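First comes the structure, then the notes that go with it.
There are 2 protein chains.
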Amino acid sequence: MSDIIVQKFGGTSVGSDERISAVAEIIKQANEKERVVVVVSAMSGETNRLIGLAKTFGDNPDTREFDALISTGEKVSASLLAMALSSIGIKAKSFSASQISMKTTNQHSKAKIIDIDGDKILASLAEGIVPIITGFQGITESGDITTLGRGGSDTTAVAIAAHIKASRCDIYTDVDGVYTTDPRIVPEAKKLKSITMEEMLEMAGQGAKVVQIRAVEFANKYNVPIRVLSSFEEGEGTLISLKEENMENALISGIAFQKDLTKFTLHSVSDKPGIAYEILNPVNDKEIGVDVIVQNVSVNGKTDFTFTVDSEDEEEVKKILEDERTDIEFEDLEVDNNIAKVSIVGAGIRSNAGIASKAFKALAAENINIQIISTSEIKLTLVIEEKYLELAVRTLHKAFNLDK
Amino acid sequence: MSDIIVQKFGGTSVGSDERISAVAEIIKQANEKERVVVVVSAMSGETNRLIGLAKTFGDNPDTREFDALISTGEKVSASLLAMALSSIGIKAKSFSASQISMKTTNQHSKAKIIDIDGDKILASLAEGIVPIITGFQGITESGDITTLGRGGSDTTAVAIAAHIKASRCDIYTDVDGVYTTDPRIVPEAKKLKSITMEEMLEMAGQGAKVVQIRAVEFANKYNVPIRVLSSFEEGEGTLISLKEENMENALISGIAFQKDLTKFTLHSVSDKPGIAYEILNPVNDKEIGVDVIVQNVSVNGKTDFTFTVDSEDEEEVKKILEDERTDIEFEDLEVDNNIAKVSIVGAGIRSNAGIASKAFKALAAENINIQIISTSEIKLTLVIEEKYLELAVRTLHKAFNLDK
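Quick note, the sequences are listed as chains A and B, same order.
Using the working numbering, the first residue of the first sequence is number 1, and each one after it goes up by one.
Using the working numbering, the first residue of the second sequence is number 1, and each one after it goes up by one.
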């Protein structure tokens, strides 16, 4: 029997009747070679329309009802897509979360998938019928409707692919793949033929929002290769591979970056065991995500402790640190929201010591000062003054020959 | 414990956020005195919007998908109404057909209700939560979504009322009750305080489309009193009672009428047993509804046989009768679509012989010729030339003092 692939189509891909017809043609072609399972988002604009309706009854609508309401968007697009396929001679059936028992946790609007009944999907395939599944939603044990949070349809697609042992999950969107960096900043940015999941996680976490990070993590955990491609134009897209299958993979895959960050530095903290925990635990307790964390070696028992958060959390973190002042001794607190982060991502970093120095040299040549350096196995992160961000991205993109 | 009532709100009643808020207030008030179960239609316009989307993929969309698509309309209004209730301090929960196991037959777009799981509804009431149920839809044994056909929400409401032994089913709509006749033709028409189900069936069948005839039949079968009232203005509406509970009920409840009919008369048919069956059976086989049927006593073994159908079926009936000509002997066929039907409806007809002659006298005074007379226990039907219809309705309305 032919392989099973899961095709997921986002909101812009099914944003109108013409787009739905175009997607039906894509499915038709794939269906000639492989057995296809489809996952769809709501038509673009529909979820926002429904949210708008809900907001007329207050800013904090009942979460159970909110999920029941917005989950109708995917039901509409799934049925329409099934009709579009029928109209071109392809047998298709829509399935809601309840119809395939897509069980999730009870947390409305951010539920997590627990289990799926793959039987209906496989039975449908066995009859030669393309199953069209509503993304983004599930049901609780007691039958209430839940949603997985924005972008959750990617996660639905990967979860189904993992569950029915699909050979690949194709995520169709309005961009044609993953690029070496944002083409709006570096017009020479190149589309990657493939990227490893680890690299993709580092790229996605930095704002390369091609595919939801949760979906990539899920794909990583269950070994499902993902391909990101466009439903608007032909092309092979970018394969997010399970491992470095391709020896020709470049050392460096891309340059990621992020603005709107705030850097906190606690000067002259007493360097005693557990100090990092003492500082950051109250921040984590408020569910504020801490990004870069740097602590240098101490001098005379004192050290400087620096971390960054999203700028929207700046005020709350300030308040936490001031309340803590009695517990943690430090000389003074420096708060700087005039920064940006640029990261070099690539599997080559772990094995190639020359990469860091090449990056430093290139930035120095442009007089860009590096405030913080942080490294991981496959990523080198640099915090710089915000105004230099675009220049830094272009400089690094060129230094590592990513435009070639 | 207080009585349970079912309140059903139609599309115009929940047609906007303001309307939904108004409906929430109606429910809140009722909820102070009784335990309330709510059934809702889709917001007015929504079902047509969804049908429009479906039609872009051909005029005959897959029926399973069509039902799955349009059933989302009631899900949206049910969730929004639950939110509106929460926002004014009333606990409420929406339930889809699948969540209350509203089982139906498999006939998509005209499914019939088989069974309901009332436990979730009753459990919700026991917790002090108002259940808001999606009208118009159900699920098949295998979990596919079905719809009951236009106006099916009335039937949903009555079926639920019957199942959970509600004391009454209140149908909220955009008219404030059942009138003695159409106020557009007779401005003096009066709202009835009550009407029996039998009378209502006769009125509804004749085009008084206040409440779906299927729902009234259902209510009749399961002894559920219905009240028809407006969600736009205060008032007691019209009670459709189980029997003539009110001795003050008028002899005559109203004047119903219908246009766009075609009358077929077979002249000089041989009057032998089974002739009516022979003539009408092929018509019934094509699922064409036959309305008035009249056959007078025969003279010399010959009789005239007359029946009426909706004008839209005229051509097909003509064809059937011409094909039949070889089997049934008749002299000639008269086809007349220049007719209308006016009916006097009232429980008093069965016991009061003077009603027919009073009607004949009143029409004669206006020179309106009566072509056909047909009587039932509670209805006197007259077929007249179409141009006299409005005059006949006004004349009869006045003759029976319905404006008093």
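Think of the CB as a built atom: it goes at the ideal place given N, C-alpha and C, for glycine as much as any other residue.
All values reported here derive from a predicted model rather than from experimental measurement.
Take the Cβ of residue i as the centre, count every other Cβ of all protein chains shown within 10 Å, and call the residue buried at 16 or more, exposed below.
{"i": "valine 6 of chain B", "result": "buried"}
{"i": "isoleucine 384 of chain A", "result": "buried"}
{"i": "asparagine 192 of chain A", "result": "Strictly speaking, residue 192 of chain A in this sequence is leucine, with asparagine absent from that position. That one is buried."}
{"i": "asparagine 300 of chain A", "result": "exposed"}
{"i": "asparagine 31 of chain B", "result": "buried"}
{"i": "arginine 49 of chain B", "result": "exposed"}
{"i": "aspartate 176 of chain A", "result": "buried"}
{"i": "leucine 396 of chain B", "result": "buried"}
{"i": "alanine 359 of chain A", "result": "buried"}
{"i": "aspartate 117 of chain A", "result": "exposed"}
{"i": "glycine 45 of chain B", "result": "exposed"}
{"i": "valine 37 of chain A", "result": "buried"}
{"i": "aspartate 323 of chain B", "result": "exposed"}
{"i": "valine 130 of chain B", "result": "buried"}
Taking residue i as part of the alpha helix (DSSP H), name the residues at either end of that continuous run.
{"i": "glutamine 29 of chain B", "result": "17-33"}
{"i": "proline 282 of chain B", "result": "275-285"}
{"i": "threonine 155 of chain A", "result": "152-163"}
{"i": "glycine 52 of chain B", "result": "46-55"}
{"i": "alanine 359 of chain A", "result": "354-365"}
{"i": "aspartate 67 of chain B", "result": "63-70"}
Residues in the same chain with beta-carbon distance under 6 Å from residue i, minus the five sequence neighbours each way, listed in chain order, please.
{"i": "glutamate 377 of chain A", "result": "Arg350"}
{"i": "threonine 180 of chain A", "result": "Ala189, Lys190, Gly254, Leu402"}
{"i": "glutamate 248 of chain A", "result": "Below a pLDDT of 50, predicted positions are generally treated as unreliable, and glutamate 248 of chain A, at 49, falls in that range; no measurement from the model is reported."}
{"i": "serine 21 of chain A", "result": "Ala84"}
{"i": "serine 367 of chain A", "result": "It should be pointed out that residue 367 of chain A corresponds to asparagine in this sequence rather than to serine. Same-chain partners within the cutoff: there are none."}
{"i": "phenylalanine 66 of chain B", "result": "Ala54"}
{"i": "glutamate 329 of chain B", "result": "Ser270"}
If you follow the beta strand (DSSP E) that residue i is part of, which residue opens it and which one closes it?
{"i": "glycine 168 of chain A", "result": "Checking the sequence shown, residue 168 of chain A turns out to be arginine, not glycine. It spans 168-173 - the beta strand (DSSP E) in which arginine 168 of chain A sits, taken as one unbroken run."}
{"i": "arginine 227 of chain B", "result": "226-230"}
{"i": "threonine 375 of chain A", "result": "370-375"}
{"i": "phenylalanine 264 of chain A", "result": "254-270"}
{"i": "valine 216 of chain A", "result": "Looking at the DSSP string, valine 216 of chain A is not in any beta strand (DSSP E); the run it does join, the alpha helix (DSSP H), is 213-221."}
{"i": "isoleucine 293 of chain A", "result": "290-295"}
{"i": "threonine 180 of chain A", "result": "First-last for threonine 180 of chain A: undefined, no H or E at that position."}
Leaving aside the five residues before and after residue i along the sequence, list all residues of the same chain whose C-beta is less than 8 Å from its C-beta, in chain order.
{"i": "alanine 68 of chain A", "result": "Asp144, Ile145"}
{"i": "glutamate 127 of chain A", "result": "Lys91"}
{"i": "leucine 229 of chain A", "result": "Asp170, Ile171, Tyr172, Thr173, Asp176, Gly177, Gly235, Glu236, Gly237, Thr238"}
{"i": "valine 317 of chain B", "result": "Thr262, Phe264, Val283, Ile288, Val309"}
{"i": "valine 290 of chain B", "result": "Leu280, Val283, Asn284, Phe307, Thr308, Val309"}
{"i": "alanine 215 of chain A", "result": "Gly151, Asp154, Thr155, Ala157, Val158, Ile171, Ile226"}
Across which residues does DSSP place residue i in a beta bridge pair?
{"i": "lysine 103 of chain A", "result": "A:Asp115, A:Ile139"}
{"i": "phenylalanine 9 of chain B", "result": "B:Val40, B:Tyr172"}
{"i": "glutamate 385 of chain B", "result": "B:Ile339"}
{"i": "isoleucine 185 of chain A", "result": "BP columns for isoleucine 185 of chain A are empty, so no partner."}
{"i": "isoleucine 240 of chain B", "result": "B:Ile195, B:Ile226"}
{"i": "glutamate 312 of chain B", "result": "BP columns for glutamate 312 of chain B are empty, so no partner."}
{"i": "serine 96 of chain B", "result": "None; serine 96 of chain B has no bridge partner."}
{"i": "aspartate 332 of chain B", "result": "B:His267"}
{"i": "isoleucine 344 of chain B", "result": "B:Ile255, B:Leu380"}
{"i": "glycine 303 of chain A", "result": "Rather than glycine, the amino acid found at residue 303 of chain A in this sequence is threonine. Partner(s): A:Val269."}
{"i": "valine 130 of chain A", "result": "A:Ala92"}
{"i": "threonine 147 of chain A", "result": "A:Gln137"}
Looking only at its own chain, which residues have a Cβ that is under 7 Å from the Cβ of residue i, when we skip the five neighbours before and after it?
{"i": "lysine 393 of chain A", "result": "First, the residue type needs correcting, since residue 393 of chain A is valine and not lysine in the sequence shown. Counting only Cβ-Cβ distances below 7 Å, and skipping sequence neighbours, we find Thr181, Ile185, Val186, Ile255, Phe257, Val342."}
{"i": "serine 311 of chain B", "result": "Asp260, Leu261, Thr262, Asn337"}
{"i": "isoleucine 373 of chain A", "result": "Leu382"}
{"i": "glutamine 295 of chain B", "result": "Ala276, Thr303, Phe305"}
{"i": "alanine 111 of chain B", "result": "Thr104, Thr105, Gly138, Thr146, Thr147, Leu148"}
{"i": "arginine 64 of chain A", "result": "His108, Asp144"}
Is residue i near the ligand PLP, with its Cβ less than 6 Å from a heavy atom?
{"i": "alanine 157 of chain A", "result": "As presented, the structure is devoid of all ligands, the ligand PLP included, so that no description of it is given."}
Of all the residues that make up the region 72-84 of chain A, which are near chain B by a beta-carbon distance shorter than 8 Å?
Thr72, Lys75, Val76, Ala78, Ser79, Leu80, Ala82, Met83, Ala84
What residues in the region 15-45 of chain A bring their beta carbon closer than 7 Å to a beta carbon of chain B?
Asp17
Which residues, in chain order, does the region 52-68 of chain A contribute to contact with chain B at a C-beta distance below 8 Å?
Leu53, Ala54, Thr56, Phe57, Gly58, Pro61, Asp62, Arg64, Glu65, Phe66, Ala68
Beta carbons nearer than 7 Å to chain B: which residues of the region 121-154 of chain A have them?
Gly143
Note down, in chain order, all residues in the region 98-111 of chain A with a beta-carbon under 8 Å from any beta-carbon belonging to chain B.
Ser98, Gln99
Can you list, in chain order, the residues of the region 248-268 of chain B whose Cβ is nearer than 7 Å to any Cβ on chain A?
none
Give, in chain order, every residue of the region 297-312 of chain A whose Cβ lies closer than 7 Å to some Cβ of chain B.
none
For the region 326-343 of chain A, list every residue whose C-beta sits within 9 Å of some C-beta in chain B, in sequence order.
none
Check distances from the C-beta atoms of the region 345-370 of chain B to those of chain A and list, in chain order, the residues that come in under 9 Å.
none
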